[in-house]
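Chemist:
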Amino acid sequence: MANRGDIPPWRKPAPSYSRGPASRPTSSIPKKRSAPVDEQEDAWVAGEDKFALRQAKKKAILRVKAGRQEPIDLFVVTLATIDPTRDILDKDEDGDEDENGSTLEIPDPAGALEDFNLAQVKELATEVDAYLKLEKHPTNLDYWENIKLLCNDRISKLTNSGPSARGVSSVAADVDRLLGSKTFGELEKLEKQIKGKLRSNEPIDTDYWEHLLNSAQVYKARSKLRSMSRAIVDKRLDTLRKQQKQDADNVKERLRPMIELAVSAGARPADSASYDPEPLLKVRAEDKGLQSLDEDAFLRSVTDSRRRILRLGYVSAKKKRVEKPKSLIFPQPSAGMGSRFAAPEEENFQQAAFALYEREVGRGMMENEEIFTAEESVITPSERLKGRSEARKPLFFNRVQMGYEWNKYNQTHYDHENPPPKVVQGYKFAIFYPELAGTYEAPTYKIEREGGRKRGQSFAQAGEEDTCVIRFIAGPPYTDIAFRIIDKEWDYSAKRERGFRSNFDKGILTLSFQFKKIYYRK
């Protein structure tokens, strides 16, 4: 029995620890543990590592799918395609069986490293070290060891400088010629011969043979990784062929009743049908806004693309990106609406505006016309909107007319084979107001000049042209819309080719004009 003067253990003050190593808190785990406890803890740690590795791979695939990948993520996706430790029953958050990145673009690891700068390669090497600590499968470990070897080689090439680096670079071309065409087996055989050469007591150039040994190991790593990439491509091709065959069988089954019905009815295909496409006599409207390249820029682009394909060993897929035309400005829903969907009446007006736009675009453009989208930001007075909270900006499809001016100077210095620069000769505006169709409130326009400049005055410097803003005003529910144009005198004549036109019909405000031609008399 304990004495009354003894202090219970739970009331004893906590020991104070000094900075010395002898007084630091010790682990609560006994030094000698039984074998079952060791096995349980090892199993628990292994499970934690496995879970952390799996989550890291999932996050990498999700980042690649979202288009915000980091350097390490591309290599994780490549390994995930043939990872022997993956769970084939895994599904992503959307329910698609894409946990192993089977629908993502798989880069060639050896070629992808060539596009990274020094900071990216160093970051990649650090991340590879983390995967090397977590991976347990021999195939995955071999993959990351090869990536690590290529990272070190890339860092060495990007950081080395000075006489030693210049000495190594002088024989780099010879080494590449020697090793570039060898297979993996030949590289292994050469590596053994080089190691034997270095272990011998022969008088040799040690720097050269060590550089050759390092290069042989790097080329072995590249050969392994490219073999893996080819295996991935072959696997995807096989899967794609099976999927296409299955799709073709499904279509055949759906069409079978229709074919049988047509055969029983005695229907025969028309032999007089024309299958040739109609010839395009002019450039389509949507192609007018495409960027043009001169011959030198195009050849440089083709050369760079070929070099990239040779380095990567495959043609990378281009992601299709659908962009709305700049002139397509869809109205926004009312701020006071609680629903996330627009009202049926508003949707009808949106569809009507888009239908008018499509019809105008379908008419095409003349050879001397280009798409014009030089919109200016303007503020619509609140009293003009009459308190309408659902005010919206109208759609538009505008064109600018370009041409040559054959004045005396241009006639002297240019000809039809070497024409002068094109200049703006006029504009065509088409603004869509479907909600005003059938009403008496026709939209209008006005010209606004900055700095107090009046019509006919010019403040522009020599070689430049004055500009002004043309504002289109329609009233509620539409806001004002404006564009910056060249400020010259308009031609109001009734000539067919150069005539002035301004009308509002079926919800479309049309304004077209050309500038007056100036003739100089001697």
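Taken in order, the sequence shown gives residues 280 to 801; the numbers are from our numbering. Every residue, glycine too, gets a C-beta built ideally from N, C-alpha and C.
1. Hey, is the segment 689–704 in contact with the segment 670–678, meaning 3+ C-beta pairs nearer than 8 angstroms?
2. Going by beta carbon distance, what residues of the same chain come within less than 6 angstroms of Cys-430, once the five residues before and after it are set aside?
3. Between the C-alpha atoms of Tyr-724 and Phe-751, what's the straight-line distance to the nearest angstrom?
4. By Cβ distance, which residues of its chain are closer than 6 angstroms to Ile-710, with the 5 residues on each side in sequence left out?
5. Report all residues from its chain with a CB closer than 8 angstroms to the CB of Ser-580; omit the five preceding and five following residues, and keep chain order.
6. Give me, in chain order, the residues of the same chain whose beta-carbon lies closer than 7 angstroms to that of Phe-620; leave out the 5 immediate sequence neighbours on both sides.
7. Roughly how many whole angstroms lie between the Cα atoms of Asp-321 and Asp-352?
8. Evaluate contact between the segment 650–657 and the segment 759–769, counting only Cβ atoms and requiring at least three cross-stretch pairs below 8 angstroms.
9. So is Lys-766 buried or exposed if we call it buried at 16+ other beta carbons inside 10 Å?
10. Using the three-state DSSP reduction, which class does Ala-709 fall into: helix, strand or coil?
11. Suppose the cutoff is 6 angstroms on Cβ atoms and the five residues either side in sequence are ignored; what does the same chain contact list for Phe-651 look like?
12. To the nearest angstrom, report how far apart Leu-534 and Leu-516 are at their CA atoms.
13. If you run the structure through DSSP and keep just helix, strand and coil, what is Trp-769?
14. Who are Met-681's beta bridge partners in DSSP?
15. Under three-state DSSP, which class holds Tyr-757?
16. Consult DSSP for Glu-265 and reduce its assignment to one of helix, strand or coil.
17. What's the call for Met-644, buried or exposed, on a 16-neighbour Cβ count within 10 Å?
18. May I ask you to report which of helix, strand or coil DSSP gives Asp-575?
19. Work out the CA separation of Glu-637 and Arg-780 for me, nearest whole Å.
20. When we look at the beta-carbon of Val-407 and count the other beta-carbons within 10 Å, is it buried (16 or more) or exposed?
21. Over what stretch of residues does the beta strand (DSSP E) that includes Ile-650 continue unbroken?
22. Taking only the alpha-carbon atoms, compute the straight-line gap between Ala-495 and Val-454 and give it to the nearest angstrom.
23. Just to confirm the assignment, what range does the alpha helix (DSSP H) spanning Leu-715 have?
24. Relative to the C-alpha of Ala-389, which candidate in Ala-409, Arg-433 and Thr-364 has its C-alpha closest?
25. Buried or exposed: where does Glu-508 fall if 16 or more other Cβ atoms within 10 Å of its Cβ makes it buried?
26. Taking a contact to mean a Cβ-Cβ separation below 8 angstroms, would you say Lys-474 touches Leu-457 in this structure?
27. Taking the C-alpha atoms as reference points, what is the distance between Lys-605 and Glu-648?
28. Would you call Glu-727 buried or exposed, if buried means 16 or more other Cβ atoms sit within 10 Å of its Cβ?
29. Could you give the residue range of the beta strand (DSSP E) that holds Asp-352?
30. Mark Leu-540 as exposed unless 16 or more other C-beta atoms lie within 10 angstroms of its C-beta, in which case mark it buried.
31. Give the range of the beta strand (DSSP E) segment to which Ser-672 is assigned.
32. Tell me where the beta strand (DSSP E) around Lys-725 begins and ends.
33. Could you work out which residue in Ile-483, Leu-428, Val-542 and Lys-499 is closest to Phe-463 when comparing CA atoms only?
34. Whose CA, out of Tyr-719, Lys-707 and Arg-501, lies closest to the CA of Glu-467?
35. Under a three-way DSSP split, which group does Asn-431 fall into?
36. Taking 8 angstroms as the CB-CB cut-off, is Ser-502 touching chain D?
Modeler: Looking at the coordinates:
1. Between the segment 689–704 and the segment 670–678 there are fewer than three inter-stretch CB-CB distances shorter than 8 angstroms, so the stretches are not counted as touching.
2. As a working mapping, residue 430 is identified with position 151 in the sequence shown. Result list for Cys-430: Val-400, Leu-403 and Ala-404, in chain order.
3. For this step, residue 724 is matched to residue 445 along the sequence shown. For this step, residue 751 is matched to residue 472 along the sequence shown. One Cα belongs to Tyr-724, the other to Phe-751, and the distance between them is close to 4 angstroms.
4. Along the sequence shown, read from residue 1 onward, the residue named residue 710 stands at position 431. The beta carbon of Ile-710 lies closer than 6 angstroms to those of Pro-673, Phe-675, Phe-751 and Leu-788 in the same chain, with the five residues before and after it left out.
5. As a working mapping, residue 580 is identified with position 301 in the sequence shown. So the list reads Leu-572, once near-sequence residues are dropped.
6. The residue you call residue 620 lines up with position 341 of the sequence shown. Caution applies to Phe-620, whose pLDDT of 36 falls short of 50 and renders its modelled position unreliable; the value that the coordinates give is listed next. Cβ neighbours of Phe-620 beyond the five flanking positions: none.
7. Counting from one through the sequence shown, the residue named residue 321 turns up at place 42. Counting from one through the sequence shown, the residue named residue 352 turns up at place 73. Each residue's Cα considered, the two are about 29 angstroms apart.
8. Contact between the segment 650–657 and the segment 759–769 is established, with three or more Cβ pairs separated by less than 8 angstroms.
9. Position 487 of the sequence shown, counted from the start, is the residue given in the question as residue 766. Position check: residue 766 holds Asp in this sequence, whereas Lys was assumed. Counting the other CB atoms within 10 Å of its CB gives Asp-766 a total of 16 or more, which places it among the buried residues.
10. The sequence position of residue 709 within the sequence shown is 430, counting from 1. If DSSP states are grouped into helix, strand and coil, Ala-709 belongs with the strands.
11. Indexing the sequence shown from 1 puts residue 651 at position 372. The residues are Asn-677, Arg-678 and Val-679.
12. One-based indexing of the sequence shown puts residue 534 at position 255. One-based indexing of the sequence shown puts residue 516 at position 237. Leu-534 and Leu-516 have their C-alpha atoms spaced approximately 27 angstroms apart.
13. Your numbering for residue 769 matches position 490 in the sequence shown. In the displayed model, Trp-769 falls within a strand according to three-state DSSP.
14. Your numbering for residue 681 matches position 402 in the sequence shown. DSSP lists Val-703 as partners of Met-681.
15. Translated into positions along the sequence shown, residue 757 becomes position 478. Note: Tyr-757 maps to strand in three-state DSSP.
16. Nothing can be reported for residue 265: it is not among the residues displayed for the chain, which extend from 280 to 801.
17. Within the sequence shown, numbered from 1, the residue matching residue 644 stands at position 365. Flag for Met-644 reads buried.
18. By one-based count along the sequence shown, residue 575 stands at place 296. DSSP, reduced to helix, strand and coil, places Asp-575 within a helical segment of the structure shown.
19. In the sequence shown, the residue the question calls residue 780 occupies position 501. In the sequence shown, the residue the question calls residue 637 occupies position 358. Cα-Cα distance, rounded: 21 angstroms.
20. As a working mapping, residue 407 is identified with position 128 in the sequence shown. Classification for Val-407: buried.
21. What you label residue 650 is simply residue 371 of the sequence shown in a count that begins at 1. 648–651 is the extent of the beta strand (DSSP E) around Ile-650.
22. In the sequence shown, residue 495 corresponds to position 216, counting from 1. In the sequence shown, residue 454 corresponds to position 175, counting from 1. Ala-495 and Val-454: Cα-Cα distance of roughly 9 angstroms.
23. Reading the sequence shown from its first residue, position 436 is the one you call residue 715. First-last for Leu-715: undefined, no H or E at that position.
24. Here residue 389 is taken as the residue at index 110 of the sequence shown, counted from 1. Between Ala-389 and the set Ala-409, Arg-433 and Thr-364, the nearest pair of CA atoms involves Arg-433.
25. As a first step, residue 508 is located in the sequence shown; it is residue number 229 there, counting from the start. The question names Glu, but residue 508 in the sequence shown is Ser. With 16 or more other Cβ atoms from the protein chains shown falling within 10 Å of its own Cβ, Ser-508 counts as buried.
26. In the sequence shown, residue 474 corresponds to position 195, counting from 1. In the sequence shown, residue 457 corresponds to position 178, counting from 1. No, Cβ-Cβ distance for Lys-474 and Leu-457 is not below 8 angstroms.
27. Here residue 605 corresponds to residue number 326 of the sequence shown, with the count starting at 1. Here residue 648 corresponds to residue number 369 of the sequence shown, with the count starting at 1. With a pLDDT of only 42 at Lys-605, under 50, the local geometry of the prediction cannot be trusted, and no value is derived from it.
28. Here the question's residue 727 lines up with position 448 in the sequence shown. The residue in question, Glu-727, is exposed, as its Cβ has fewer than 16 Cβ neighbours within 10 Å.
29. As a working mapping, residue 352 is identified with position 73 in the sequence shown. First-last for Asp-352: 350–360, but that is the alpha helix (DSSP H), not the beta strand (DSSP E).
30. As a first step, residue 540 must be located in the sequence shown, where it is residue number 261. That one is exposed.
31. One-based indexing of the sequence shown puts residue 672 at position 393. Note that residue 672 corresponds to Lys in the displayed sequence, not to Ser. Taken as a continuous stretch (DSSP letters only), Lys-672 belongs to no beta strand (DSSP E), as it is neither H nor E.
32. Here the question's residue 725 lines up with position 446 in the sequence shown. DSSP places Lys-725 inside the beta strand (DSSP E), whose first and last residues are 723–727.
33. Along the sequence shown, one-based indexing puts residue 463 at 184. Considering only alpha carbons, the answer is Lys-499.
34. In the sequence shown, the residue the question calls residue 467 occupies position 188. Checking every option, the nearest Cα to that of Glu-467 belongs to Arg-501.
35. As a first step, residue 431 must be located in the sequence shown, where it is residue number 152. DSSP places Asn-431 in the helix class (H, G or I) of the three-state scheme.
36. Of the protein chains in the structure, only one exists, and it is not chain D.
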